[in-house]
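Novice:
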Amino acid sequence: MEKELRLMKGNEAVAEAAIRAGVDGYFGYPITPQTEIIEYLMEANPAGTTGMIVLQAESEVAAINMVYGGAGCGKKVMTSSSSPGISLKQEGISYIAGAELPCLIVNVVRGGPGLGTIQPAQSDYFQSTKGGGHGDYHLIVLAPASVQEMADFVDLSFELAFKYRNPVMMLSDGAIGQMMEKVYLKPHKERSKTSPDWATTGKPTTRERNIITSLDLDSNRQELFNIKLLAKYDEIREKEVRFEEFQCEDAEYLLVAYGTSARVCQKSVQLAREQGIKAGLLRPITLFPFPTKRINELAGKVKGMLSVEMSAGQMIEDVLLSVNGKVPVYHFGRMGGIVTTPEEVVESLKSKFIGG
Amino acid sequence: MVEFSGIKEIIKPENLVYKKTNIMTENILSYCPGCGHGTAHRILAEIIDEEGLQSEAIGVSPVGCSVFLYYYLDIDWQEAAHGRAPAVATAIKRLFPEKFVFTYQGDGDLAAIGTAETIHACNRGENILIIFINNGIYGMTGGQMAPTTLPGMKSSTSPYGRDVKTMGYPLKMTDIVASLPGSYYVTRQSVHTPANVKKTKKAIRKAVNYQKLNKGTCLIEIVSNCPSGWKMTPVQSNKWMEENMFPYYPLGDLKTPEE
């Protein structure tokens, strides 16, 4: 079937892609800059077409626990929010990770801490990739850099979430969520009529009862469960790393950036090369798992790396771990909701590595 | 070993008057002697069995003494975060409208940390049953003050008695729920005498039928005892409950459908 071309905001693209991906339920709470997601879904009213449930919850806390309930039924369920709302969801996300439930959480990041701003930022890297809530766990984190990817990653997120029984976070930002671009939409997928064998669907006489829980008071069993999770994360690290390289073949300096910053840095690479500086860009698409191995390889080829993020420097910690001391690594980025310009990145690159 | 004379004559199928409900598992209950939870579980299990709901039921257990409820009833379960059971149940019922979905929560879970989830699920008229065990204390953590602890009542965090001027008043959550347009059937019962057990069982059966008819939220409060938390014998605790809890939380229907 032919793909459909539309002009859409990133937020709208997520919503439309969710309907088309055969998502069973969306549970959300309004917060800028991602409110278009629930508005779009409410207007589209998919309950009448695909049967997808769309519910505005009383809080982010309730919404993520609805996701827990729906995911426990083995259904494709999702929520979306922006930074302060994601902080509220973190308790529920920890339970979802602990109960090994698949789901999608979209985070359209704004500047913080606290209420912060409503403008785009990338200061939620830590709370997305390092767990976020309590306990030892990881989300699979996908970082779209275009409206197209916001749409495409809905399907990918559910594929990974169900494959690994693990929550997936789509870590976008206010710029990609709000900007309009052309987007090719996939054809409609039927909603699944069945649930996986572990789901709570009502206990037939043919199987034991299914229990969705993250509780085990026996320390030895809990540790075994932690070890099982670690093995899962190792498998994810091995199989699911995704990244994109831009002019890295002959690069002497490597920019590492995701999402909006990666778009900016693509232009910075061009500007730097016009000035005779051989720059390249590595764009992590998965932030967990992080492209550690590839960055380590590139560390053997370049003179230095610049981690460009719209934050005080969060991803740089993973870049430093990947580089493992081989070459100097610096951070550059604007904060407070300010999008870095390509020129600023080149200036930073020059001042840190070349001098003047 | 004491040999009971004639015991083998008595243990015969034709003499059986009481047995374990099929829905109850073999797991040993974790409750203190004399606690009402076991009786409430048993009634719920009987209803599920009698109404043929084993393959239809999806329960949501709380955080509190009954956190391990999923060990005891042989149905599918989800264990919710503290207070969030009505939100979890909301999604389950929306996605599986034909299933029988219920939560089972204590007073700390439902009336303190889960206040928002309780009120909003009931206000949306979610087609679920909420069973609310109110024993006026946090049992599992060792007897702290609950939102439903009575004025002057002692607990480990109100050691001089609940002073309503600084600690607030006992919250009558069931009355609040009854006032919401989304709730359909709201009642307050107990399980401390055979007569009350019968009434509570009848209430649960009613709620099951209302859910089949998509009538909206049903909430059954069971005022219960906590011998350990109240530091009383089971018998004393039931007497104290009648004399002190029931005047504040009077038994009976708060909202009944017009039939």
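As you go down the protein sequences, you meet chains A and B in turn. This note's numbering numbers the first residue of the first sequence as 31 and each following residue consecutively. This note's numbering numbers the first residue of the second sequence as 1097 and each following residue consecutively. Glycine is no exception: its CB is placed at the ideal position from the N, C-alpha and C atoms.
1) Going along the chain, which residues of the segment 103 to 124 of chain A sit with their C-beta nearer than 9 Å to a C-beta in chain B?
2) By Cβ distance, which residues of its chain are closer than 8 Å to B/Tyr1127, with the 5 residues on each side in sequence left out?
3) Do you know offhand how far A/Gly81's Cα is from A/Ala47's?
4) Please give the ranges of any alpha helix (DSSP H) in the segment 123 to 194 of chain A, keeping only runs that are unbroken, at least 4 residues long and fully inside the region.
5) Please report whether the beta-carbon of B/Arg1190 lies at a distance below 7 Å from any beta-carbon of chain A.
6) A/Phe362 bridges to which residues according to DSSP?
7) Which chain B residues sit within Cβ distance under 9 Å of A/Pro319?
8) When the Cα atoms are used, what is the spatial distance from B/Phe1196 to B/Lys1115?
9) Determine the chain A residues that contact B/Ala1208 at a beta-carbon separation under 9 Å, and present them in chain order.
10) Less than 7 Å between CB atoms is the rule here; does A/Asp54 satisfy it with respect to chain B?
11) What are the partner residues of A/Asn75, as DSSP defines its beta bridges?
12) Below 7 Å between beta carbons is the criterion; list the residues of the segment 1173 to 1186 of chain B that meet it against any residue of chain A, in chain order.
13) Taking 7 Å as the CB-CB cut-off, is A/Tyr59 touching chain B?
14) Might you give, ordered along the chain, the residues of its own chain that have their beta carbon closer than 8 Å to the beta carbon of B/Val1163, omitting 5 neighbours on each side?
15) From B/Asn1305, B/Ile1171, B/Trp1336, pick the residue whose C-alpha is nearest to that of B/Ser1320; which is it?
16) Provide the residue span of the beta strand (DSSP E) that contains A/Gly58, from first to last.
17) Residues of chain B with a CB under 9 Å from the CB of A/Tyr98: which are they?
18) So, are the CB atoms of A/Lys105 and B/Leu1191 less than 7 Å apart?
19) What does A/Ser110 pair with, by DSSP beta-bridge criteria?
20) Along chain B, which residues have their Cβ under 8 Å away from the Cβ of A/Pro234?
21) According to the Cβ coordinates, are B/Pro1255 and B/Gly1130 closer than 7 Å?
22) In chain order, which beta strand (DSSP E) runs of at least 3 residues are fully inside the segment 1161 to 1223 of chain B?
23) When we look at the beta-carbon of A/Lys39 and count the other beta-carbons within 10 Å, is it buried (16 or more) or exposed?
24) Is there a Cβ of chain A sitting closer than 7 Å to that of B/Ile1124, yes or no?
25) Suppose you measure from the CA of B/Ala1141 to the CA of B/Asp1203; what does that come to, to the nearest Å?
26) What residues of chain B sit near A/Ser202, judged by a beta carbon separation below 7 Å?
27) Give me the subset of the segment 244 to 260 of chain A whose CB atoms are less than 8 Å from a CB atom of chain B, sorted by chain position.
28) Please decide whether B/Glu1213 counts as near chain A, where near means a Cβ-Cβ distance under 7 Å.
29) Just by C-beta distance, which residues in the segment 72 to 100 of chain A are closer than 9 Å to chain B?
30) Go ahead and pull the three-state DSSP assignment for B/Gly1155.
31) Does the beta carbon of A/Arg239 sit closer than 7 Å to a beta carbon anywhere in chain B?
32) Helix, strand or coil: which one does DSSP assign to A/Gln300?
33) Going by the CB atoms, is the gap between A/Tyr70 and A/Ala45 shorter than 7 Å?
34) Going by C-alpha distance, which of B/Ala1207, B/Arg1258, B/Ala1274, B/Tyr1344 is nearest B/Gly1221?
35) Could you tell me which residues DSSP pairs with B/Glu1317 in its beta bridges?
36) Once you ignore the five residues that flank B/Ile1188 on each side, which residues in its own chain have a CB closer than 6 Å to its CB?
Specialist: Considering the structure as presented:
1) Cys103, Lys105, Val107, Glu121, Gly122, Ser124
2) Translated into positions along the second sequence, residue 1127 of chain B becomes position 31. Same-chain partners within the cutoff: His1133, Gly1134, Cys1161.
3) Walking along the first sequence from the start, residue 81 of chain A turns up at place 51. Walking along the first sequence from the start, residue 47 of chain A turns up at place 17. Distance between the alpha carbons of A/Gly81 and A/Ala47: 15 Å.
4) 155 to 159, 177 to 194
5) As a first step, residue 1190 of chain B must be located in the second sequence, where it is residue number 94. Judged by the 7 Å Cβ criterion, B/Arg1190 is in contact with chain A.
6) Working through the first sequence from its first residue, we reach residue 362 of chain A at position 332. BP columns for A/Phe362 point to A/Val338.
7) Residue 319 of chain A sits at position 289 when you count from the first residue of the first sequence. Within 9 Å Cβ-Cβ: nothing; A/Pro319 doesn't reach chain B, min ~27 Å.
8) Along the second sequence, one-based indexing puts residue 1196 of chain B at 100. Along the second sequence, one-based indexing puts residue 1115 of chain B at 19. Computed Cα separation, rounded: 25 Å.
9) As a position in the second sequence, residue 1208 of chain B is number 112, starting the count at 1. Result: empty, since nearest Cβ-Cβ is about 14 Å, beyond 9 Å.
10) As a working note, residue 54 of chain A is residue 24 in the first sequence. Chain B contact via Cβ: present.
11) Locating residue 75 of chain A in the first sequence gives position 45, counting from the first residue. The partner list for A/Asn75 (beta bridge, DSSP) is empty, contrary to what the question assumes.
12) Trp1173, Gln1174, Glu1175, Ala1176, Ala1177, Arg1180, Ala1183, Val1184, Ala1185, Thr1186
13) On the first sequence, position 29 is the one that residue 59 of chain A refers to. Not an interface residue.
14) In the second sequence, the residue the question calls residue 1163 of chain B occupies position 67. Hits under 8 Å: Ser1157, Glu1175, Met1236.
15) Here residue 1320 of chain B refers to the residue found at position 224 of the second sequence. When each option's Cα is compared against that of B/Ser1320, the closest is B/Trp1336.
16) Taking the first sequence and counting its residues from 1, one reaches residue 58 of chain A at position 28. Taken as a continuous stretch (DSSP letters only), the beta strand (DSSP E) holding A/Gly58 covers 55 to 58.
17) Sequence index remark: in the first sequence, residue 98 of chain A carries index 68 (1-based). Per Cβ cutoff of 9 Å: Gln1174, Ala1176, Ala1177, Arg1180, Ala1183, Val1184, Ala1187.
18) Counting from one through the first sequence, the residue named residue 105 of chain A turns up at place 75. Counting from one through the second sequence, the residue named residue 1191 of chain B turns up at place 95. It is a contact, given that the beta carbons lie within the stated cut-off.
19) Position 80 of the first sequence, counted from the first residue, corresponds to residue 110 of chain A. Answer is A/Val136.
20) As a working mapping, residue 234 of chain A is identified with position 204 in the first sequence. Under the 8 Å cutoff, chain B gives Ser1151.
21) Here residue 1255 of chain B corresponds to residue number 159 of the second sequence, with the count starting at 1. Here residue 1130 of chain B corresponds to residue number 34 of the second sequence, with the count starting at 1. Not closer than 7 Å, so no.
22) 1172 to 1175, 1196 to 1202
23) On the first sequence, residue 39 of chain A is found 9 positions in, with the first residue counted as 1. Buried.
24) By 1-based counting over the second sequence, the position of residue 1124 of chain B is 28. B/Ile1124 does not count as touching chain A.
25) Here residue 1141 of chain B refers to the residue found at position 45 when the second sequence is read from its first residue. Here residue 1203 of chain B refers to the residue found at position 107 when the second sequence is read from its first residue. Rounded to whole angstroms, B/Ala1141 to B/Asp1203 spans 21 Å at the Cα level.
26) Start at 1 with the first residue of the first sequence, and residue 202 of chain A comes out as number 172. In chain order: nothing, as chain B lies at least about 24 Å away.
27) Ser244, Leu245
28) Taking the second sequence and counting its residues from 1, the one referred to as residue 1213 of chain B is at position 117. So, interface residue.
29) Ile83, Leu85, Ala87, Glu88, Ser89, Val91, Ala92, Ala93, Ile94, Asn95, Met96, Val97, Tyr98, Gly99, Gly100
30) For the purposes of this step, residue 1155 of chain B is taken as the residue at position 59 of the second sequence. Of the three classes helix, strand and coil, the one that applies to B/Gly1155 here is strand, per DSSP.
31) Here residue 239 of chain A is taken as the residue at index 209 of the first sequence, counted from 1. Taking Cβ atoms only, chain B reaches closer than 7 Å to A/Arg239, which makes this a yes.
32) Counting from 1 along the first sequence, the entry for residue 300 of chain A is found at position 270. Correct three-state label for A/Gln300: helix.
33) Walking along the first sequence from the start, residue 45 of chain A turns up at place 15. Walking along the first sequence from the start, residue 70 of chain A turns up at place 40. Yes, the Cβ-Cβ distance between A/Ala45 and A/Tyr70 is below 7 Å.
34) Your numbering for residue 1221 of chain B matches position 125 in the second sequence. Minimum Cα distance to B/Gly1221 is reached at B/Ala1274.
35) Working through the second sequence from its first residue, we reach residue 1317 of chain B at position 221. Its beta-bridge partners are B/Phe1228, B/Arg1284.
36) Here residue 1188 of chain B refers to the residue found at position 92 of the second sequence. For B/Ile1188, where only same-chain residues beyond five positions count, the Cβ hits under 6 Å are Ile1154, Val1197.
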